[in-house]
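Here the structure is laid out as structure tokens; the discussion comes afterwards.
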Amino acid sequence: MIDRTVLLTGANGSLAIPVVQQLLTNYPNYHAVLTVRNPAASDPNTDQLRTIIAPFEDRVSVRALDLSNLSSVRDFATTLATDITAGSLPPLASIICNAYYWNLTAAPNFTPDGFEKTFQVNYLAHAVLVQQLLESFGPSPNAPETRYGRIVLFGSDAIFPGKNSLEKYPPRLADNLDDLARPAQDTDGDHMGHGFQRYALSKLAIVTWMYALNEHLQKPESAHLKEITAVAINPGNLSDSRALRVNTPFTLQVLSRFVIRPLCPILRLIDPTMRTAAAAAADVVELAVGERLEGASGYFTLLEKGEGPSESLDRGKQRALWEKTAEWSLK
1 MIDRTVLLTG ANGSLAIPVV QQLLTNYPNY HAVLTVRNPA ASDPNTDQLR
51 TIIAPFEDRV SVRALDLSNL SSVRDFATTL ATDITAGSLP PLASIICNAY
101 YWNLTAAPNF TPDGFEKTFQ VNYLAHAVLV QQLLESFGPS PNAPETRYGR
151 IVLFGSDAIF PGKNSLEKYP PRLADNLDDL ARPAQDTDGD HMGHGFQRYA
201 LSKLAIVTWM YALNEHLQKP ESAHLKEITA VAINPGNLSD SRALRVNTPF
251 TLQVLSRFVI RPLCPILRLI DPTMRTAAAA AADVVELAVG ERLEGASGYF
301 TLLEKGEGPS ESLDRGKQRA LWEKTAEWSL K
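The opening residue of the sequence shown carries number 1 in the UniProt record's numbering; numbering runs sequentially from there.
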């Protein structure tokens with residue numbers, strides 16, 4: 001019996017495809033709603049996704065979602081919530097906010113909403129999506145009036161200053177948070193350095209917001225949502241990811257093809273988080289729907305519970321980002 005729905009964004013990505021395969025294979029009681037920017041089979045990544053889901057077509061749907069357009073996000077969430085209310089889809093069990101964007105070869109790119117694209121796709125659009133769908137989670141088996149489920153967000157070792165070898169400018173949340181959403185141009189031409197910082201800041205924002213979201217879900221006025229929890233996972237450095245081959249300098253593309261992928265077992269001796277997307281997918285699925293971590297919240301590196309960087313733990317910054325996100329969401 002299919003009794004719950006899992007929503008996955010960026011479903012044709014390197015990590016997402018094994019997540020989909022493992023979810024549908026190992027959890028037959030879930031329906032998967034898979035979002036992609038381009039649902040056409042002419043997209044080779046979407047075509048690969050459709051091949052994977054073909055044996056499970058009775059409990060999976062692929063839907064278009066453009067995270068660089070907040071109107072698209074709101075319309076998508078409204079339609080999904082309506083389908084759940086009408087009984088066309090089972091209630092949500094989990095939202096996996098996997099989609100991402102970065103550009104290490106060009107100046108900041110701004111969306112039609114006026115926000116820097118890395119910031120909007122990785123952070124703001126997912127925050128809008130999650131908040132609009134909280135009421136669409138299913139009832140708790142122990143308290144039918146209470147919603148329960150899990151929200152999986154994605155961090156990175158890039159949020160810890162000095163941790164990632166691509167870092168040139170440390171990630172720090174600006175005192176004026178509008179500078180996070182609308183950064184200055186790369187006047188020095190260092191697109192790689194500033195582009196990676198924008199990526200790291202988007203991940204730092206979503207981890208900081210994750211802590212604020214969990215606090216919000218435990219407030220008395222949100223009592224009916226108290227069994228929904230949010231986690232953020234650093235899935236590791238994925239040797240077979242397409243990330244280093246998209247919007248990156250040629251040197252990184254060469255590094256990915258001729259060093260990282262073939263030498264992954266050796267590199268793992270230096271970096272224990274180096275692994276394949278399939279290995280990371282198992283952890284993502286466990287956090288999303290597995291029994292072992294039911295009710296878990298907070299920050300994880302792989303499946304090891306830890307803490308985000310000190311800045312993400314600052315309650316004042318959590319509250320400021322929460323309030324500013326609500327303001328941005330109205331744009």
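Idealized CB from N, CA, C, for every residue including glycine.
{"query": "Complete alpha helix (DSSP H) runs within the region 68 to 117 (minimum length 4 residues, chain order)", "result": "70 to 86"}
{"query": "Buried/exposed call for T229, threshold 16 Cβ in 10 Å", "result": "buried"}
{"query": "Alpha helix (DSSP H) runs wholly inside the region 214 to 301, at least 4 long, in chain order", "result": "250 to 255, 264 to 270, 277 to 289"}
{"query": "Top-ranked residue by Cα proximity to R319, from L225, L330, K305, L213", "result": "L213"}
{"query": "For E247, the nearest candidate out of R4, E57, T35, P108 (CA to CA)", "result": "Correcting the residue type first, residue 247 is Asn in the shown sequence and not Glu. Closest by alpha carbon: P108."}
{"query": "Identity of the residues DSSP links to K168 by a beta bridge", "result": "BP columns for K168 are empty, so no partner."}
{"query": "G306, enclosing beta strand (DSSP E) - first and last residue", "result": "304 to 306"}
{"query": "S61 - DSSP class collapsed to helix/strand/coil", "result": "strand"}
{"query": "Three-state secondary structure assigned by DSSP to T9", "result": "coil"}
{"query": "Beta-carbon proximity of K317 to G114, cut-off 8 Å", "result": "no"}
{"query": "Cut-off 8 Å between Cβ atoms - residues of its own chain near V128, not counting five sequence neighbours on either side", "result": "L70, V73, R74, A77, S329"}
{"query": "Boundaries (first-last residue) of the beta strand (DSSP E) holding V152", "result": "148 to 154"}
{"query": "Residue interval of the beta strand (DSSP E) (run including L34)", "result": "30 to 36"}
{"query": "First through last residue of the alpha helix (DSSP H) which encompasses N45", "result": "44 to 53"}
{"query": "Extent of the continuous alpha helix (DSSP H) run through R319", "result": "315 to 328"}
{"query": "Inter-residue spacing [alpha-carbon to alpha-carbon] between T105 and G195", "result": "7 Å"}
{"query": "Identity of the residues DSSP links to R4 by a beta bridge", "result": "Y30"}
{"query": "Nearest-angstrom beta carbon gap, A32 and L24 [assumed within contact, 8 Å]", "result": "6 Å"}
{"query": "Among A205, D190, Y299, G236, nearest to P272 - alpha-carbon criterion", "result": "G236"}
{"query": "Helix, strand or coil at P18 [DSSP, three-state]", "result": "helix"}
{"query": "Own chain residues within Cβ distance below 8 Å of F110, not counting five before or after", "result": "E116, K117, R182"}
{"query": "Limits of the unbroken alpha helix (DSSP H) element including L180", "result": "178 to 181"}
{"query": "Short Cβ contact (8 Å threshold) for A174 with L321", "result": "no"}
{"query": "Backbone CA spacing between S202 and P171 [nearest angstrom]", "result": "9 Å"}
{"query": "Contact between the region 239 to 254 and the region 281 to 290 (3+ Cβ pairs under 8 Å)", "result": "no"}
{"query": "Residues bridged to P139 [DSSP beta-bridge criterion]", "result": "R147"}
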